[in-house]
Amino acid sequence: MSTAKSIEPCLVFADQAGNIYDHPDLLMLCRRGNELTLPRPDELIPLPEDSEFFLLPGRSALGLDPETGRVEELGEADELAVAVFASPAHTLSASAAYQTRPGAPILPLFAYGAVGFFEGRFYVCARRVDQDRRQEFGHIPRERIENGARRLLADLPKNRLIRHLTGCALTYGCPAAKNLALGRFEAPLPTSRVCNARCVGCISLQPEESGFPATQNRIAFKPTDREIVEVMARHQAKERRPIYSFGQGCEGEPLTEAALIAAAVSTFRKKGGTGTVNVNTNASLPGTLPALKEAGVDSIRVSLNSVRKEPYEAYYRPNGYRFEDVMESIRVAKGLGMFVSLNLLYFPGVTDCENEWDALSALVEDTKLDYIQLRNLNLDPELAMELLGGFDHGPCMGLANFMKRLKKASPHLGFGYFNPYLEPGGRGGAGE
Ligand code: SF4
Numbered sequence: 000m001s002t003a004k005s006i007e008p009c010l011v012f013a014d015q016a017g018n019i020y021d022h023p024d025l026l027m028l029c030r031r032g033n034e035l036t037l038p039r040p041d042e043l044i045p046l047p048e049d050s051e052f053f054l055l056p057g058r059s060a061l062g063l064d065p066e067t068g069r070v071e072e073l074g075e076a077d078e079l080a081v082a083v084f085a086s087p088a089h090t091l092s093a094s095a096a097y098q099t100r101p102g103a104p105i106l107p108l109f110a111y112g113a114v115g116f117f118e119g120r121f122y123v124c125a126r127r128v129d130q131d132r133r134q135e136f137g138h139i140p141r142e143r144i145e146n147g148a149r150r151l152l153a154d155l156p157k158n159r160l161i162r163h164l165t166g167c168a169l170t171y172g173c174p175a176a177k178n179l180a181l182g183r184f185e186a187p188l189p190t191s192r193v194c195n196a197r198c199v200g201c202i203s204l205q206p207e208e209s210g211f212p213a214t215q216n217r218i219a220f221k222p223t224d225r226e227i228v229e230v231m232a233r234h235q236a237k238e239r240r241p242i243y244s245f246g247q248g249c250e251g252e253p254l255t256e257a258a259l260i261a262a263a264v265s266t267f268r269k270k271g272g273t274g275t276v277n278v279n280t281n282a283s284l285p286g287t288l289p290a291l292k293e294a295g296v297d298s299i300r301v302s303l304n305s306v307r308k309e310p311y312e313a314y315y316r317p318n319g320y321r322f323e324d325v326m327e328s329i330r331v332a333k334g335l336g337m338f339v340s341l342n343l344l345y346f347p348g349v350t351d352c353e354n355e356w357d358a359l360s361a362l363v364e365d366t367k368l369d370y371i372q373l374r375n376l377n378l379d380p381e382l383a384m385e386l387l388g389g390f391d392h393g394p395c396m397g398l399a400n401f402m403k404r405l406k407k408a409s410p411h412l413g414f415g416y417f418n419p420y421l422e423p424g425g426r427g428g429a430g431e
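In terms of numbering that gives the first Met the number 0, the sequence shown opens at residue 0 and continues consecutively.
See below:
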């Protein structure tokens with residue numbers, strides 16, 4: 000009989016100055032969709048290193064009184080709700096539980112995980128879905144990143160892409176650009192200034208009226224194929240298992256620049272270029288994929304919040320393409336022998352529900368797509384529910400069951416958080 004002590008975190012809240020307190024009586028609650036619940040025992044993990052705490056302006060913390068079974072709101076002006084942004088490689092299985100007060104601002108583009116406190120440490124509702132450590136920088140002195148950026152600028156002084164990416168590394172702290180400066184893992188290759196989608200949570204372009212800012216600026220120029228090949232060759236010289244990724248947070252849709260990408264990759268390959276060439280994309284233009292494959296692109300990562308038409312179009316707001324084109328891209332890419340990942344923008348209480356699971360499992364079986372990267376949907380949870388709450392999602396099963404059942408239905412399927420390195424001629428996926 001297992002005697003493992005059950006973890007029952009108590010509620011945490013903060014004052015206006017950002018000091019965090021644990022509540023003496025109330026238990027931590029979490030939210031999946033519109034449902035408030037106690038955390039499931041299988042979803043609580045100690046708060047991962049490099050995670051960030053968020054103070055939620057104009058929001059009251061909600062906790063459970065174990066004596067009465069009632070949900071209690073900490074309504075004092077100086078008592079605010081707290082959430083966490085879990086460090087990369089972790090998927091949040093539940094959102095923070097809070098009550099929004101009148102006049103509260105929309106929350107910026109992050110994911111807001113549920114957090115509690117138990118026996119001296121913080122616990123979060125999340126799961127590590129990738130053992131890869133490419134976005135862990137806590138042990139790397141900033142100086143090493145600065146030196147790496149300086150060497151890149153010295154080696155390729157006229158390359159605008161290098162100037163852009165070293166700026167991203169040192170100014171915005173972009174993990175992909177930092178890895179390029181360090182000469183490790185995955186090199187970012189932004190190319191496009193435009194996009195044919197208008198995602199509600201677009202991180203590179205937000206209309207004034209949205210009420211929250213984009214988290215980074217879009218690239219302001221179109222690199223040449225020569226500049227791209229220089230960056231790829233430089234990264235190959237440093238990293239034994241290099242990955243190169245078109246489609247970064249600081250750009251629009253890379254398939255709108257498919258001809259440029261094909262020209263660059265073809266040149267790189269003809270010069271003996273090795274490693275995994277990947278395109279992170281909204282997969283809106285299936286017709287561009289044969290030329291990309293021909294040029295030497297190995298994999299695509301298809302970003303979507305849902306594999307059902309209505310919830311997808313409510314979030315992506317396609318402009319000149321349809322949901323069916325995205326599905327067609329997955330089929331075409333698999334038909335061409337490419338490695339296909341989904342960049343699934345996971346939202347607890349919507350993604351992990353029966354109707355989404357049914358559609359996703361059918362798509363995986365039908366297309367034999369290879370991998371699902373479980374990324375957190377970075378959007379104010381209440382805005383997400385306004386957008387997606389009206390669709391019929393069916394009962395919620397939780398992240399652990401969601402993954403277990405998918406794996407059981409499709410044993411070939413891999414899970415992770417990052418683009419895997421593909422062994423020449425083989426499969427990839429450090430994941431889970
Ligand atoms: S597909 Fe990417 S660039 Fe385009 S709107 Fe969506 S998040 Fe923005």
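From the three backbone atoms N, C-alpha and C, an ideal C-beta is built for every residue, glycine too. As the structure is a prediction and not an experimental result, all values here were calculated from the model.
Using CA atoms only, rank isn't needed, just tell me which of the options is closest to residue i.
i	options	result
Phe84	Ser50, Asp21 and Leu73	Ser50
Gly251	Ala282, Pro56 and Phe116	Ala282
Arg127	Tyr420, Pro423, Leu421 and Phe414	Phe414
Pro310	Leu386, Ala236, Ala332 and Ala16	Leu386
Leu188	Ala76, Leu259, Met402 and Phe322	Leu259
Phe390	Gly397, Arg307 and Gly286	Arg307
Glu48	Thr170, Arg100 and Phe121	Phe121
Met384	Ser360, Phe346 and Gly119	Phe346
Glu323	Leu303, Leu106, Ser340 and Glu293	Leu303
Asp131	Ala408, Asn33, Tyr171 and Glu185	Glu185
Ser94	Ser86, Ala88, Gly102 and Val81	Val81
Thr280	Arg300, Val349 and Gly200	Arg300
Pro410	Glu381, Gly388 and Lys367	Lys367
Gln134	Asn178, Ala408, Ile105 and Arg143	Asn178
Leu288	Pro253, Val325 and Ala332	Ala332
Under the three-state reduction of DSSP, which class applies to residue i: helix, strand or coil?
i	result
Glu71	strand
Ile19	strand
Leu303	strand
Tyr243	strand
Asn418	coil
Cys167	helix
Ser5	coil
Gly430	For Gly430, the pLDDT reaches just 49, beneath the cut-off of 50, and the residue's location in the model is therefore unreliable, although a value from the coordinates is still provided. Coil, per DSSP.
Gly334	helix
Met402	helix
Met0	Its pLDDT being 46, under 50, Met0 is placed unreliably by the model, and nothing is read from it.
Asp64	strand
Asn146	helix
Glu135	coil
Ile329	helix
Val128	coil
Arg183	coil
Ser360	helix
Val193	coil
Gly112	strand
Asn354	helix
Thr366	helix
Gln235	helix
Ile202	coil
Ala176	helix
Please list, in chain order, all residues of the same chain as residue i whose beta carbon is under 7 Å from its beta carbon, the five residues on each side excluded.
i	result
Leu155	Ile161, Glu229 and Arg233
Asp297	Thr275, Val276, Asn277, Met337, Phe338 and Leu421
Arg149	none
Gln235	Pro241, Gly272, Thr273 and Gly274
Leu25	Cys9, Leu10, Gly62, Leu63, Asp64 and Glu71
Here's a check: name, in chain order, each residue in its chain whose Cβ is nearer than 8 Å to the Cβ of residue i, leaving out the five neighbours to either side.
i	result
Pro394	Cys352 and Glu353
Tyr20	Val11, Phe12, Ala13 and Asp14
Thr67	none
For residue i, report the span of its beta strand (DSSP E) as first-last.
i	result
Arg216	The sequence given here places Asn at residue 216; Arg does not occur at that position. No beta strand (DSSP E) contains Asn216, which DSSP labels as neither H nor E.
Asp49	Where Asp49 is concerned, there is no enclosing beta strand (DSSP E), given that its DSSP letter is neither H nor E.
Arg31	Cys29 to Arg31
Got a sec? Which residues, its chain only, sit under 6 Å from residue i by beta carbon, not counting five neighbours each side?
i	result
Gly17	Leu54
Glu78	Phe12
Phe109	Phe84 and Asn377
Phe267	Val228 and Met231
Taking the alpha helix (DSSP H) that residue i belongs to, which residues open and close that run?
i	result
Glu385	Pro380 to Leu387
His89	No alpha helix (DSSP H) holds His89; the beta strand (DSSP E) holding it covers His89 to Leu91.
Asp297	Neither: Asp297 is in no alpha helix (DSSP H) and is coded neither H nor E.
Phe267	Ala257 to Lys269
Asn158	Where Asn158 is concerned, there is no enclosing alpha helix (DSSP H), given that its DSSP letter is neither H nor E.
Strictly by DSSP, which residues pair up with residue i?
i	result
Tyr315	Paired residues: none, contrary to the question.
Glu345	Reading the sequence as shown, one finds Tyr at residue 345 and not Glu. DSSP output for Tyr345 lists Asn375 as bridge partner(s).
Phe390	In the DSSP output, where bridge partners are listed per residue, Phe390 has none listed.
Ser86	Answer is none; Ser86 lacks a bridge partner.
Please check if any C-beta of chain C sits within less than 8 Å of the C-beta of residue i.
i	result
His234	No chain C is part of this structure, which consists of one protein chain only.
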